[in-house]
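In the working numbering, the protein residues as written are 268 to 523. C-beta atoms are modelled at their ideal positions from N, C-alpha and C, and glycine is treated no differently. It should be emphasised that the depicted structure is a prediction, and the values quoted were computed from it without experimental measurement. Structure record follows, encoded as structure tokens.
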């Protein structure tokens, strides 16, 4: 039951709504008392939860001698619910696209200066990485010191994310030079990276828990060795220039 409740929560129901819907499926047509007890939800809240399920098309009710009886809708209605959500999102996307030119004007009226931000997790990493790639012109170069795939438990997500980034940057003809820790020399994924176009790789004996990525005037210091990668983002031409010079010194010492 916990797994079903979790799955229902993922598609847009609250945890309490999911419990109420599952209780309703088990009971069939019922008054609110047994549903509240089965769902382990307080009697004062169950009415509102059931009304929300009715609004979402996942339940219905009938009146018998002034008593309201609730019934579960066929679980196939969940697909209809998701389709409605999809249409709502598509509608919001269209509205956002219409607003975008005006918002961009306002954004452009306040040109970006230097900034420092902190991002966490793959989503945050993806957001700032893609922003950086979008800002680069075709043929520009990126350098990475201490390239990593993160901790073993999170490697699959990191690898999937980096695969997307690679496709995007290669299509833009962005050149990568990366310095990995020596311990990754025989890593199968690193060997695949070495075969990629517009990619140069060298290795350094010293272990670096964080990686430094420099692209144009952007520097990202990424700490990989925790469940959620943490990114310290710096937009500053002087800072990026300093880190790039540091990279060039290390590059000369690193081994192919």
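Exposed or buried, what is residue 409 when buried is set at 16 or more other beta-carbons lying within 10 Å of its beta-carbon?
-> buried
Within the chosen definition, does the region 424–433 reach the region 382–395 through at least 3 CB pairs nearer than 8 angstroms?
-> yes
Using only alpha-carbon positions, find the residue among 397, 357, 282 and 321 that is nearest to residue 431.
-> 397
Look at the Cβ atom of residue 443, then the Cβ atom of residue 411, and state whether they are nearer than 8 angstroms.
-> yes
Give the single residue among 298, 314 and 503 whose Cα lies nearest to the Cα of residue 330.
-> The closest CA to that of residue 330, considering only 298, 314 and 503, is found on 298.
Considering only the beta carbon of each residue, do residue 311 and residue 326 sit closer than 8 angstroms?
-> Result no, Cβ atoms of residue 311 and residue 326 do not sit closer than 8 angstroms.
Find out if the Cβ-Cβ distance for the pair residue 317, residue 302 is shorter than 8 angstroms.
-> yes
Buried or exposed: which applies to residue 496, given that a residue is buried once 16 or more other Cβ atoms fall within 10 Å of its Cβ?
-> buried
Do the region 450–461 and the region 503–515 touch if we need at least three Cβ pairs shorter than 8 angstroms?
-> Touching, no, given that fewer than three Cβ pairs across the two stretches are closer than 8 angstroms.
Please report how far the alpha carbon of residue 336 lies from the alpha carbon of residue 280, in whole angstroms.
-> 21 angstroms
What's the C-alpha gap between residue 521 and residue 440?
-> The straight-line gap from Cα to Cα measures roughly 24 angstroms.
By how many angstroms is the C-alpha of residue 394 removed from the C-alpha of residue 454?
-> Between the alpha carbons of residue 454 and residue 394 lies a distance of about 27 angstroms.
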